[in-house]
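Enquirer: Here it is: the structure, laid out below.
2 protein chains.
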Amino acid sequence: MLFDWYEGIKLQNPFYFLGIDGGGSKCKARLEDAQGNLLAESVAGPANPARDMQVALASIQQVSEQVMTSANLPVSALSNTYVGMGLAGLNLPMYKSKLQAWQHPFAQLSLSTDLYIACLGAHNCDSGAIVIVGTGSAGLACHQGQQYEYGGHGFLLGDKGSGAWIGLQTLRWALESFDGMAQSSPFIEAVFEFAQCSDAAQIIESYLTSSSAKFANLAPLVFEYANRHDPVATDIIKDGASYLSALTRKLQSHSPQRIAFIGGLAPSVIPWLDEDIQIGIKQPLAAPECGAIMMAKKQFESANKHS
Amino acid sequence: MLFDWYEGIKLQNPFYFLGIDGGGSKCKARLEDAQGNLLAESVAGPANPARDMQVALASIQQVSEQVMTSANLPVSALSNTYVGMGLAGLNLPMYKSKLQAWQHPFAQLSLSTDLYIACLGAHNCDSGAIVIVGTGSAGLACHQGQQYEYGGHGFLLGDKGSGAWIGLQTLRWALESFDGMAQSSPFIEAVFEFAQCSDAAQIIESYLTSSSAKFANLAPLVFEYANRHDPVATDIIKDGASYLSALTRKLQSHSPQRIAFIGGLAPSVIPWLDEDIQIGIKQPLAAPECGAIMMAKKQFESANKHS
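As given, the protein sequences belong to chains A and B, one line each in that order.
For the first sequence, the numbering used here gives the first residue as 1, with consecutive numbering after it.
For the second sequence, the numbering used here gives the first residue as 1, with consecutive numbering after it.
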């Protein structure tokens, strides 16, 4: 095949669309042909430029090469590939401009945040709102070409209600409780057992320089105890959920057509939100990688509409 | 002089006592001769082994050599020097055992925590209690040979009421308030101005990977606004002070003869403690470096009492 077609546009070579969703624990890639057929999917390591730019670029390179190989295509076909990429941390101008300066191997690279591609995917269009609640937490409303972002301040400075935040609150409480300076609960034994620690010093040594993902690993245990009415676990989950309800109200104020919750903790946290918020939540229609492909196609069409 | 005396003990060479107090922002050294005369003092970089072991050892080496030079002594005289050292992070067994394995250049090295030497110095004996409140926070009571430690869980996991904690709470609030999701206050403008930032993204970029010391730099501003009755700054300071009052009550439960507050934020925070706690606080009698020398002398006496 010496040429290819895309919605009436004739091109000299076969070409592809690649969507990449990059976050703090992994990045996912989805490869489609010009007709929108799924060719392959792939997963590689973390791609949050604000945490580690070199690691992020290496993960992006790796997942791009992997997905071509999975589709039985040569890696050189990346130069005929139109890429949409949404990465955590790209809300920070410093990291966005670093990534824009990257000498990428693609035919075209369209960049945005993980939030934006998730919103595109969840609603199959650029109008709607999402709350992501996994290792981190954040909200985005897209309406009439404008983006309104809330939260997403990162593990240390925000991300309230997220898995990492829940894990951090739990360990802070466990250490205070171990000192006899906070409410006790049978939950503390489960926390020490989960962390495989027998005293406060071991907890501190184990979590002193840990990633947010390690803190987030504690979250399912906290939900389990909250669902069993443990008072401490319940307080932590209620405090986080109350923030996420308020975040959703902020998004509602921009009148989005639909609101979706995505991320690994969404199913656990939704029952803890204010009832009127729960009722308004819609299922996401497609994955963030699909939203990334939508973004790539939009830029492709805009670049080729006069050709 | 071919020999030296220490309280009736005859030694073959002149010898010295060196006290070192190591923390997250700097380490301080005090050199005395066998008769207890001050020969020199010196300061070098951070020495918290839990944060960076290599940096800590380099700072300790540097401050030890500096203080000998200041006293017009050759660096080789360190081999006739009996050293007491209290370091932040040595409450964690992992770091204590690493430091015990260090091939130090001294005649003898006696190791403990920064808390313990501060307590020895503050009361001129090993019975009493202290609260340290500077970049971090922690409490220790020493009574009848036992040590009872509270708090000191580090910037991420605890250190409530400390300068770094106050700075972190302030920035978390400022970012939520910027999102329209927390109480507003004129204080927010002062925070953004202090941080030299004009929006949330700049705050996050500036503090994403910052040291606890950079967060602690905000604390004086928060006290200033709390003293002017700003409601947000007042809430943060009251929350921290309430923890420090509770910490002091824990120490009181061990019946210490005296309780002292030390650290850079002690004078600012004391007026915010519960009144009955304020009344019981005594002035520290000597600096932590002096406590470190007391510890070195005790080990020296114990090693030489049968010679």
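Each residue gets a CB set at the ideal place from its N, CA and C atoms; glycine is no exception.
Can you give the beta carbon distance from LEU244(A) to LEU221(A), rounded, assuming they're within the 8 angstroms contact cut?
Expert: The count along the first sequence starts at 1 and reaches residue 244(A) at position 244. The count along the first sequence starts at 1 and reaches residue 221(A) at position 221. Rounded, the Cβ-Cβ distance is 19 angstroms, inconsistent with contact.
Enquirer: Count Cβ pairs between the segment 197-213 of chain A and the segment 230-245 of chain A that sit closer than 8 angstroms; are there 3 or more?
Expert: Judged by Cβ distances under 8 angstroms, the segment 197-213 of chain A makes no contact with the segment 230-245 of chain A, as fewer than three pairs qualify.
Enquirer: Could you please give the first and the last residue of the uninterrupted beta strand (DSSP E) stretch that includes ILE130(B)?
Expert: Residue numbering aside, residue 130(B) sits at position 130 when the second sequence is read from its first letter. Looking at the DSSP string, the run of the beta strand (DSSP E) that includes ILE130(B) is 128-133.
Enquirer: Which residue marks the beginning of the beta strand (DSSP E) containing THR81(B), and which one marks its end?
Expert: Locating residue 81(B) in the second sequence gives position 81, counting from the first residue. Looking at the DSSP string, the run of the beta strand (DSSP E) that includes THR81(B) is 81-87.
Enquirer: Starting from the C-beta of TYR116(B), find all residues in its chain whose C-beta is less than 8 angstroms away, skip the five residues before and the five after it, and write them out in chain order.
Expert: As a working note, residue 116(B) is residue 116 in the second sequence. Taken in chain order, the residues that qualify are GLY86, LEU140, CYS142, GLN147, GLY291 and MET295.
Enquirer: Assign HIS229(B) to one of three DSSP states: helix, strand, or coil.
Expert: Here the question's residue 229(B) lines up with position 229 in the second sequence. HIS229(B) falls in the coil class under three-state DSSP.
Enquirer: Would you kindly work out how many angstroms separate the C-alpha atoms of GLY263(A) and VAL133(A), rounded to a whole number?
Expert: Start at 1 with the first residue of the first sequence, and residue 263(A) comes out as number 263. Start at 1 with the first residue of the first sequence, and residue 133(A) comes out as number 133. Straight-line Cα distance between these residues: approximately 5 angstroms.
Enquirer: Can you pull out the residues from the segment 32-50 of chain B whose beta carbon lies closer than 8 angstroms to at least one beta carbon of chain A?
Expert: Those residues of the segment 32-50 of chain B that come within reach of chain A (Cβ to Cβ, closer than 8 angstroms) are ALA50.
Enquirer: Have a look at PRO49(B), PRO46(B) and ARG30(B) and flag the residue whose alpha-carbon is nearest the alpha-carbon of ALA40(B).
Expert: Residue numbering aside, residue 40(B) sits at position 40 when the second sequence is read from its first letter. The residue with the shortest Cα to Cα distance from ALA40(B) is ARG30(B).
Enquirer: Shortest alpha-carbon distance to ARG51(B) belongs to which of VAL63(B), VAL67(B), ASN72(B) and SER25(B)?
Expert: Walking along the second sequence from the start, residue 51(B) turns up at place 51. Selected option, being the one with the closest Cα: SER25(B).
Enquirer: Mind checking which residues open and close the beta strand (DSSP E) that includes CYS119(B)?
Expert: Mapped onto the second sequence, residue 119(B) falls at position 119. No beta strand (DSSP E) contains CYS119(B), which is instead part of the alpha helix (DSSP H) from 114-123.
Enquirer: Go through its chain and collect everything with a Cβ distance to LEU218(B)'s Cβ below 6 angstroms, but skip five positions before and after it.
Expert: In the second sequence, the residue the question calls residue 218(B) occupies position 218. Correct list, in chain order: GLY167 and THR170.
Enquirer: Determine whether the Cβ of GLU224(A) lies closer than 8 angstroms to any Cβ atom of chain B.
Expert: Within the first sequence, residue 224(A) is the residue found at index 224, counting from 1. Cβ-Cβ to chain B under 8 angstroms: no for GLU224(A).
Enquirer: Kindly say whether ILE236(B), judged by its beta-carbon, lies nearer than 8 angstroms to any beta-carbon of chain C.
Expert: The displayed structure is made up of protein chains A and B, and chain C is not among them.
Enquirer: Is there contact here, the segment 171-184 of chain B with the segment 245-258 of chain A, by at least three beta-carbon pairs under 8 angstroms?
Expert: With the cut-off at 8 angstroms, the segment 171-184 of chain B and the segment 245-258 of chain A touch.
Enquirer: Just to make sure I have the definition right: I need the residues of chain B whose C-beta is within less than 9 angstroms of the C-beta of GLU205(A). Which are they?
Expert: For the purposes of this step, residue 205(A) is taken as residue 205 along the first sequence, with counting starting at 1. The answer, in chain order, is ALA50, LEU92, PRO93, MET94 and TYR95.
Enquirer: Return yes when the Cβ of LEU157(A) is within less than 8 angstroms of the Cβ of LEU175(B), no when it is not.
Expert: On the second sequence, position 175 is the one that residue 175(B) refers to. On the first sequence, position 157 is the one that residue 157(A) refers to. It is a contact, given that the beta carbons lie within the stated cut-off.
Enquirer: Quick one: complete alpha helix (DSSP H) runs, 4+ long, within the segment 197-251 of chain B?
Expert: For the segment 197-251 of chain B, whole alpha helix (DSSP H) runs of length 4 or above, ordered along the chain, are 200-207, 212-216 and 219-227.
Enquirer: Could you check which residue in SER185(B), SER76(B), CYS125(B) and ASN48(B) has the C-alpha nearest to that of SER211(B)?
Expert: Within the second sequence, residue 211(B) is the residue found at index 211, counting from 1. For the residues SER185(B), SER76(B), CYS125(B) and ASN48(B), the minimum Cα distance to SER211(B) belongs to ASN48(B).
Enquirer: To which residues does DSSP link VAL43(B) through a beta bridge?
Expert: Taking the second sequence and counting its residues from 1, one reaches residue 43(B) at position 43. VAL43(B) is bridged to LYS28(B).
Enquirer: Report the residue from GLY128(B), GLY240(B), ILE20(B) and THR113(B) whose alpha carbon sits nearest the alpha carbon of LEU265(B).
Expert: Looking up residue 265(B) in the second sequence gives position 265. Looking at the Cα atoms, GLY240(B) is the closest of the given residues.
Enquirer: What is the rounded straight-line gap between the Cα of TRP102(B) and the Cα of GLY163(A)?
Expert: On the second sequence, residue 102(B) is found 102 positions in, with the first residue counted as 1. On the first sequence, residue 163(A) is found 163 positions in, with the first residue counted as 1. Whole-angstrom Cα-Cα distance: 39 angstroms.
Enquirer: Can you find a C-beta in chain A that's less than 8 angstroms from the C-beta of GLY163(B)?
Expert: As a working mapping, residue 163(B) is identified with position 163 in the second sequence. Closer than 8 angstroms: no.
Enquirer: Report yes if the C-beta distance between SER64(A) and LEU78(A) is below 8 angstroms; otherwise report no.
Expert: For the purposes of this step, residue 64(A) is identified with residue 64 of the first sequence, where counting begins at 1. For the purposes of this step, residue 78(A) is identified with residue 78 of the first sequence, where counting begins at 1. Closer than 8 angstroms, so yes.
Enquirer: For LEU208(B), which residues in chain A fall below 7 angstroms Cβ to Cβ?
Expert: As a working mapping, residue 208(B) is identified with position 208 in the second sequence. Chain A residues near LEU208(B): ALA50 and GLY154.
Enquirer: Cutting at 8 angstroms between CB atoms, please list the residues of its own chain near PRO46(B), excluding the five before and the five after it.
Expert: Within the second sequence, numbered from 1, the residue matching residue 46(B) stands at position 46. Closer than 8 angstroms at the Cβ level, and outside the excluded window around PRO46(B), lie GLY22, GLY23, GLY24, SER25, LYS26, CYS27, ASP52, VAL55, ALA56 and SER59.
Enquirer: Please check the pair HIS123(A) and ARG258(A), which I expect to be a contact at CB under 8 angstroms, by giving their CB distance rounded to whole angstroms.
Expert: Here residue 123(A) refers to the residue found at position 123 of the first sequence. Here residue 258(A) refers to the residue found at position 258 of the first sequence. That belief holds up - the Cβ atoms of HIS123(A) and ARG258(A) are roughly 5 angstroms apart, short of 8 angstroms.
Enquirer: May I ask you to list, following chain order, the residues of the segment 170-203 of chain A that have a beta carbon less than 8 angstroms from some beta carbon of chain B?
Expert: Residues passing the 8 angstroms Cβ filter: LEU171, ARG172, LEU175, GLU176, ASP179, GLY180, MET181, ALA200, ALA201 and ILE203.
Enquirer: Let me see if you follow: with CB-CB separation under 8 angstroms, is GLY158(B) close to chain A or not?
Expert: The sequence position of residue 158(B) within the second sequence is 158, counting from 1. So yes, GLY158(B) belongs to the interface.
Enquirer: Beta carbon of ASN72(A), beta carbon of PHE15(A): below 8 angstroms?
Expert: Indexing the first sequence from 1 puts residue 72(A) at position 72. Indexing the first sequence from 1 puts residue 15(A) at position 15. For ASN72(A) and PHE15(A), no; Cβs fall outside 8 angstroms.
Enquirer: Report the three-state DSSP secondary structure of LYS282(B) (helix, strand or coil).
Expert: By one-based count along the second sequence, residue 282(B) stands at place 282. LYS282(B): strand per DSSP, three-state reduction.
Enquirer: What does the alpha-carbon distance come out to for the pair GLN100(B) and ILE9(B)?
Expert: As a working note, residue 100(B) is residue 100 in the second sequence. As a working note, residue 9(B) is residue 9 in the second sequence. Approximately 27 angstroms, taken between the alpha carbons.
Enquirer: So which residues on chain B does ALA129(A) lean against when the C-beta distance must stay under 7 angstroms?
Expert: The residue you call residue 129(A) lines up with position 129 of the first sequence. The contacting residues do not exist; ALA129(A) stays about 14 angstroms from chain B at best.
Enquirer: Just to confirm, are GLY145(A) and ALA287(A) a CB contact at a threshold of 8 angstroms?
Expert: Numbered from 1 along the first sequence, position 145 holds the residue referred to as residue 145(A). Numbered from 1 along the first sequence, position 287 holds the residue referred to as residue 287(A). Going by C-beta atoms, GLY145(A) is not nearer than 8 angstroms to ALA287(A).
Enquirer: Check the C-beta distance from ILE281(A) over to PHE261(A) and give it rounded, since I have them as a contact under 8 angstroms.
Expert: Locating residue 281(A) in the first sequence gives position 281, counting from the first residue. Locating residue 261(A) in the first sequence gives position 261, counting from the first residue. Indeed, because the Cβ distance is near 5 angstroms, the residues count as touching under 8 angstroms.
Enquirer: Could you tell me whether the Cβ of ALA101(A) comes closer than 8 angstroms to any Cβ of chain B?
Expert: Position 101 of the first sequence, counting from 1, holds the residue named residue 101(A). No, ALA101(A) lies away from the interface with chain B (no Cβ there is under 8 angstroms from its Cβ).
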